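Everything below concerns the one structure shown next.
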Amino acid sequence: NQGGRRKGAAAVYLETWHADIEEFLELRDNTGEDQRRTHNLNLAHWIPDEFMRRVDADTEWSLFSPADVPELV
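Each position in the sequence shown, counted from 1, maps to that position plus 594 in the working numbering.
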């Protein structure tokens, strides 16, 4: 904790295909219930090359839960 001089830092990452990505990205918003927001975490998500190819091609991107299809993770 830097000898009590400053708070520690933490980051949480989530992949773009995850079914909860939209809720995850809203955790830092200044709206909604305070219990559903993060105040001391840095949030990020990985953007795979395939996602960007689909953006360029204007095609769909699928979201899924890794619990439902563990073989894809």
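C-beta: ideal position from N, C-alpha, C; glycine also. Here the structure is a predicted model, which is why all the values come from computation and not from measurement.
Please state whether the Cβ-Cβ distance between residue i and residue j is less than 8 Å.
i, j, result
"Leu608", "Arg622", "no"
"Thr610", "Pro642", "yes"
Pull up the distance between the alpha-carbon of residue i and that of residue j, whole angstroms please.
i, j, result
"Val663", "Arg630", "26 Å"
"Leu666", "His633", "32 Å"
"Glu644", "Ala605", "24 Å"
"Ala648", "Trp640", "The question names Ala, but residue 648 in the sequence shown is Arg. Taking the straight line joining both Cα atoms gives about 15 Å."
"Ala613", "Met646", "18 Å"
"Ala651", "Glu620", "26 Å"
"Arg600", "Thr653", "45 Å"
Could you name the residues of the same chain whose beta carbon sits closer than 7 Å to that of residue i, not counting the 5 residues immediately before and after it, in chain order?
i, result
"Trp655", "Phe645 and Arg648"
Who are the Cβ neighbours of residue i in its own chain at under 6 Å, not counting the five residues just before and after it?
i, result
"Leu635", "Ala604 and Val606"
| field | Minimum length 4: unbroken alpha helix (DSSP H) runs contained in the segment 625–653 | value | 643–651
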